[in-house]
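Going down the list, the sequences are from chains A and B. Numbers 1 to 354, taken from UniProt numbering, label the letters of the first sequence in order. Numbers 1 to 354, taken from UniProt numbering, label the letters of the second sequence in order. In what follows, a single structure is set out as C-alpha cells and then discussed.
Protein chains: 2
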Amino acid sequence: MTVADEEDGKPKRQSLQLRRATIKDVARAAGVSQSTAARALSGEGYVAEAVQQRVRAAADDLGYVRHAMASSLRRQSSRSIGVLVSDLRNAFYADLAAGVGRRAREHGYTMVLVDDRGSVDEEREALAVFVAMRVAGVILTPLSAAAVDYLTRQRTPFVEADRTFSGGASDAVVIDNVEASRRMADHLISLGHRRIALFIDETDWTTGADRFRGYQESLAQSALEVDESLIIPSGWDAGGSRRAAVDALSRRDRPTAIFAANNVIAEGVWRGIQDLGLRVPDDVSLVAFDDAPWMSMVTPGVTAVAQDTVALGAAAMDRMLERIREPEAAPQTLVLPAEMLPRGSTLAPLSLRR
Amino acid sequence: MTVADEEDGKPKRQSLQLRRATIKDVARAAGVSQSTAARALSGEGYVAEAVQQRVRAAADDLGYVRHAMASSLRRQSSRSIGVLVSDLRNAFYADLAAGVGRRAREHGYTMVLVDDRGSVDEEREALAVFVAMRVAGVILTPLSAAAVDYLTRQRTPFVEADRTFSGGASDAVVIDNVEASRRMADHLISLGHRRIALFIDETDWTTGADRFRGYQESLAQSALEVDESLIIPSGWDAGGSRRAAVDALSRRDRPTAIFAANNVIAEGVWRGIQDLGLRVPDDVSLVAFDDAPWMSMVTPGVTAVAQDTVALGAAAMDRMLERIREPEAAPQTLVLPAEMLPRGSTLAPLSLRR
DNA sequence: ACGGATTTCGCAATCGCTTGCGTCCGCTGC
DNA sequence: GCAGCGGACGCAAGCGATTGCGAAATCCGT
C-alpha cells in the first residue's frame with residue numbers, strides 16, 4: 001500500500017553490494033529526492049517526521065555512511081585537525097598527541113597525526129599535506145620559524161604547543177619553563193651546590209632558551225657565575241647525553257649536581273651515572289625537566305619538573321577550537337604552570353657533608 | 001614578449017588573497033584551460049613543456065596547494081589510512097603508531113590516528129569516522145570482534161596488529177606470544193621456581209590467551225600443575241596491578257616468581273614490590289612481557305620479552321600496502337619473533353639457595 | 001470557502017578536481 | 001597534395017554531498 005512496500009520483496013543485502021551506497025541510493029530506496037534524503041539525514045530544514053524515519057531506515061539498511069570528504073568539499077569546512085609532533089616514540093609527544101586527540105574527538109574532530117622525526121624537511125612536507133587536506137587547523141610542536149611562516153601564509157589556523165617561534169603573534173600553549181627551571185636550580189643552590197651542570201640539547205627554541213634562562217637567573221640571584229664549561233650540549237638522543245654525562249663526570253672538577261633539561265637527556269645522564277658506578281645522590285645530585293615513569297621507579301626517585309602533557313595537548317586543542325570559532329580574535333599564549341616533584345635524587349654536595 | 005610577461009607588473013601577493021587559490025585560478029593565471037592546468041600539475045597526459053612550466057610557475061606563485069579531498073573524491077581513492085590503538089599514552093601503542101605512521105609516510109600515505117581508551121563504543125565510533133573519511137585502509141589493535149565485523153561489512157581493508165579477532169580470516173601482524181611466554185616460564189622453571197604467578201589483564205584476546213597458553217604449556221612440559229590462585233587478574237592500569245601485587249606477595253604462600261604479562265602490569269608489580277620493601281631478585285624474581293625503558297634503568301634490570309614495536313607497526317603498514325595493491329589476495333597473518341632480554345631480575349628461589 | 005502563512009519537498013547549481021572525448025594543428029609518408 | 005597520425009589542449013561530465021529557491025501541499029483563521 002505504501003511506497004515503502006515496494007522494497008519488501010528483496011532481502012536486504014548490504015554486505016553483498018559492490019558499490020558503496022551513496023545518498024542517491026538512500027533517496028531511491030526511501031522513495032524521495034536526493035535533497036530530501038540529505039535533509040532527513042542531517043536534520044537540517046523541513047522534513048516530515050514519517051519521511052525522516054523512512055530515510056533513516058533506508059540508510060542504515062544500506063549500510064550508508066556519509067562521505068565526509070564530499071561533505072567537506074561542499075560545505076567548505078573540515079572536521080579534522082592536523083597534529084605535528086617531533087617524535088611519537090617520545091612519551092612527551094605521545095602524551096601531547098593523546099591530549100589533543102581526545103579533546104578533538106570530544107568535539108567531533110579527528111586527528112591527523114604526523115611525526116617529523118626532527119627533520120625540517122619532513123615538517124614542511126607534513127604541513128603541506130595538512131594544507132592539502134584542508135584541515136580545520138594545525139597543532140604543532142614547531143621545529144622552525146619556517147613552519148609558522150608557511151601556515152600563516154597559507155592562512156591555516158594553528159596553535160604552537162610546548163614551544164613557539166612566533167613570539168606571541170600566534171596562538172601558543174606552553175609551560176612556564178623559566179620559572180620551573182629557576183626553581184629547580186634554586187633548590188640545588190639552596191642545598192649548597194655551586195657546580196651545577198646543565199645538560200641541554202638546544203637553546204634555540206623557547207623551551208631550551210627559557211630553561212637556560214631560568215638556570216641563569218637562579219645563579220645570578222645567588223650571585224654565582226655561569227661556568228660555560230658546565231653548560232653541556234647533550235645531543236638529541238639518550239645515547240648522546242649518556243656519553244656526555246660520562247665525560248663530564250670523569251673530569252677532575254666534576255659537577256656536584258646535574259640538571260637534565262628534558263626526559264631523554266635525563267635518561268642518558270642516569271645511565272651514564274650508572275656506567276661510572278656513581279651513586280645518586282651521594283656522589284652526584286640529579287634533577288630533571290619532564291617527568292617520566294622511570295623517574296619514580298628507580299632508586300632513589302629523580303626529582304623532576306612534571307608537566308601535565310596530556311592537559312597541555314588538550315589545552316592546545318581548546319585554543320584551536322576558540323580560534324576556529326573566532327578566527328579574528330587576538331592571538332593568545334597560554335602559559336601553564338609546571339609542578340615540582342621532589343624525590344630522593346638530591347643531597348647537599350659531598351664537601352658540605354661530614 | 002612572451003605571454004608570461006604580462007604577470008610582471010603586479011607584485012605577487014599570495015598572502016593577501018582572501019580566497020584560497022584553486023586550480024581554476026592557476027589556469028587563468030597561466031592562460032590555459034582548467035584541464036590543461038590539471039594535467040600540467042599532475043604530469044599525466046600530454047602537456048607541452050613550456051606550458052607545464054608556465055602552469056607550475058603560476059601555481060606556486062599563487063601558493064596553490066591541491067585540494068586533496070576534491071581530488072580524492074574525483075579519483076575515488078584516498079591516501080590516508082586510519083589507525084586505531086587502545087591508548088596512546090602507553091608506549092607500546094605509541095611506538096606502534098609511530099611505526100605505522102612513518103612507513104605510511106614513506107609511501108605517500110597520511111595517518112589518521114584515534115585512541116579509543118579501551119572503550120568498545122569509542123572503537124566503533126572511530127571506525128565509522130574512518131569509513132566516512134573513506135580511508136584507504138585501517139590498521140587497528142582491535143578491542144572486539146565487532147570491529148572486524150564492521151570493517152568487513154563496510155568493505156574497508158584492514159590489518160589487525162598485536163592481536164586478532166578474525167582467526168586468520170583477515171590480515172594480521174602479531175608476535176609469537178606463545179613461544180615467548182613459554183620461554184620466559186621455562187627460564188623461571190629452570191631456575192627452580194615452582195610457584196610462578198602470572199599477572200595478566202585479560203585472556204580473551206589473542207595476546208592474553210597466547211601468553212597464558214605459553215605459560216601453561218611450559219608448566220605442563222615440566223609436569224607442573226597450574227595453580228589457579230597464581231593466575232592473577234591485574235586490572236587494566238598500573239595501579240590495579242600494584243595493589244594486586246601487594247596482595248599476592250603478602251600471602252603466606254607467596255609466589256617465588258612473577259611473570260607480568262605486559263609493561264603496564266610490570267610497572268605496577270614493580271611498584272608493589274617496592275611498596276612491600278621486597279628485593280628483586282632476592283625475595284622474588286620478576287620477568288615481564290614487553291620491554292620498557294625503565295626496565296633497563298632500575299636495579300636490577302628486569303628480564304623481559306622485547307618486541308620491536310615500531311617494526312610491528314611498519315610491518316602492519318606493509319601488509320596494508322600489499323592489501324591495497326592486491327585486494328583479492330588471500331589474507332595473511334604475519335608472526336614476528338620476540339626477543340628475550342635476560343637482565344638481573346631472576347634468581348633461584350630462596351629455598352634452593354643456601 | 002478563501003487568502004495567507006507555514007510546511008514539505010524537488011530541481012539544479014555548486015564545492016575543486018580529474019579525465020574521456022573531441023577538435024585542431026602540424027608533421028610524415030606515399 | 002592528401003590521408004593519417006599523434007601531440008596538445010579545451011569542453012563538459014561527473015565524484016557525493018549540501019542548499020537556495022521555487023512550487024506544491026497543508027494548515028489556519030475568519
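A virtual CB, placed ideally from N, CA and C, is assigned to each residue, including glycine.
Under the DSSP assignment, E322 of chain B falls in the alpha helix (DSSP H) whose first and last residues are T309 to R325.
For S80 of chain B, the enclosing beta strand (DSSP E) begins and ends at S80 to V85. Annotated three-state conformation of F165 of chain A is coil, per DSSP.
Note that the C-beta distance between V26 of chain B and A59 of chain B is below 9 Å. In this model, V298 of chain B and D210 of chain B are separated by some 28 Å (Cα to Cα).
In the displayed model, P293 of chain A falls within a helix according to three-state DSSP. Taking S218 of chain A as the centre and dropping the five residues before and after it, the same chain places the C-beta of R182, A185 and D186 closer than 6 Å to its C-beta, in chain order. When beta bridges are read from the DSSP output, L341 of chain A appears opposite A:A304. If only uninterrupted beta strand (DSSP E) runs of at least 3 residues are considered, those enclosed by the stretch 124 to 210 of chain A are 137 to 140, 158 to 161, 171 to 175 and 196 to 200.
DSSP lists B:A257 as the bridge partner or partners of S285 of chain B. Distances from the alpha-carbon of D95 of chain A to those of A:L73, A:S71 and A:G313 put A:G313 closest. Here the alpha carbon of A146 of chain A sits roughly 9 Å from the alpha carbon of E123 of chain A.
At a cut-off of 9 Å between beta carbons, M317 of chain A makes no contact with chain B.
Residue-level contact by beta carbon fails for P349 of chain A and chain B, as no gap is shorter than 9 Å. Not one beta carbon of chain B lies nearer than 9 Å to the beta carbon of H107 of chain A. The three-state reading of DSSP puts V269 of chain B in helix, counting H, G and I together.
Around P293 of chain A, the beta-carbon contacts reaching into chain B at under 9 Å are A91, A238, E267, A292, P293 and W294.
Under the three-pair Cβ rule at 8 Å, the stretch 79 to 94 of chain B counts as touching the stretch 250 to 269 of chain B. Beta-bridge annotation (DSSP): D115 of chain B is paired with B:V85. In the pairwise beta carbon analysis, the stretch 212 to 231 of chain B is classified as touching the stretch 190 to 197 of chain B: at least three pairs are separated by under 8 Å. DSSP places V264 of chain B in the helix class (H, G or I) of the three-state scheme. With a threshold of 16 other beta carbon atoms within 10 Å, D204 of chain B falls short and is exposed. Close to D115 of chain A, with beta-carbon spacing below 8 Å, are these residues of chain B in chain order: A98, G101 and R102.
Here V335 of chain A is exposed: its Cβ has fewer than 16 other Cβ atoms, across all protein chains shown, within 10 Å. In the structure shown, L334 of chain A falls within a strand segment according to DSSP collapsed to helix, strand and coil. Within the UniProt domain "HTH lacI-type" (21 to 75) of chain A, G63, V65, R66, H67, A68, M69, A70, S72 and L73 place their CB atoms closer than 7 Å to a CB of chain B, listed in sequence order. The criterion of a C-beta distance shorter than 9 Å is satisfied by A306 of chain B and L341 of chain B. Within 10 angstroms of the beta-carbon of Y64 of chain B lie 16 or more other beta-carbons, which makes it buried. Residue environment analysis places D149 of chain A among the exposed positions, since fewer than 16 neighbouring C-beta atoms fall within 10 angstroms of its C-beta. Burial state of E267 of chain B is buried, judged by a 10 Å Cβ sphere holding 16 or more other Cβ atoms.
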